[in-house]
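>
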Amino acid sequence: MTTRQISESIKDIYGFETSEGFTSDVTDKIPPQIEDWQNRSLDEVYPILFIDAIHYSVRDNTFVRKSAAYVILGINTAGKKEALTIQVGDNESANYWLSVLNELKIEE
249 MTTRQISESI KDIYGFETSE GFTSDVTDKI PPQIEDWQNR SLDEVYPILF IDAIHYSVRD
309 NTFVRKSAAY VILGINTAGK KEALTIQVGD NESANYWLSV LNELKIEE
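So in the numbering used here, spot 38 of the sequence shown is number 286, and the numbers just go up one at a time.
(1) Suppose only complete runs of 3+ residues qualify. What are the beta strand (DSSP E) ranges in the segment 278-354, listed by chain order?
(2) Consult DSSP for residue 267 and reduce its assignment to one of helix, strand or coil.
(3) Is it buried or exposed, residue 274, if we count other Cβ atoms within 10 angstroms and call 16 or more buried?
(4) Does DSSP put residue 250 in a helix, a strand or coil?
(5) Quick check: the Cα distance between residue 299 and residue 268, rounded to an integer number of angstroms?
(6) Determine the direct distance from the alpha carbon of residue 330 to that of residue 319, and round the result to whole angstroms.
(7) Give the single residue among 317, 321, 256, 252 whose Cα lies nearest to the Cα of residue 302.
(8) Taking the alpha carbon of residue 358 as the reference point, which residue from 346, 308, 293, 279 has its own alpha carbon closest?
Structure (structure tokens):
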């Protein structure tokens, strides 16, 4: 989305205006935080995992296509919930889930 589209969405959803400059400043701060989250170390063991996909439609120019956000939440040994991964893909399948789970394996 462009900064203008983000500003318009905020206006539509929350009812207040933001400048494109403000939106740009905020969105510039997000990628480093995402990278830190992606590179954080995970615990060796999560006794409980919640595995699910959220399906949604995405407009791609004039076409609408289906996508899914694959989410794995883990509960660590201290009982705290953690989002272990969130990945976007096209189709939900056993093979795709296997690849997502394999990416979470800790290399020894």
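All C-beta atoms in this analysis are idealised placements derived from N, C-alpha and C, irrespective of residue type, glycine included.
Inspection of the coordinates gives the following:
(1) Listed in chain order, they are 296-308, 311-323, 329-337.
(2) Coil.
(3) Counting Cβ neighbours within 10 Å, residue 274 comes out exposed, since fewer than 16 surround it.
(4) Secondary structure of residue 250 (DSSP, three-state): coil.
(5) Between residue 299 and residue 268, the C-alpha separation is close to 37 Å.
(6) Going by C-alpha positions, residue 319 is about 11 Å away from residue 330.
(7) Of 317, 321, 256, 252, the residue nearest in Cα terms is 317.
(8) This structure cannot speak to residue 358, because the chain is shown only from 249 to 356.
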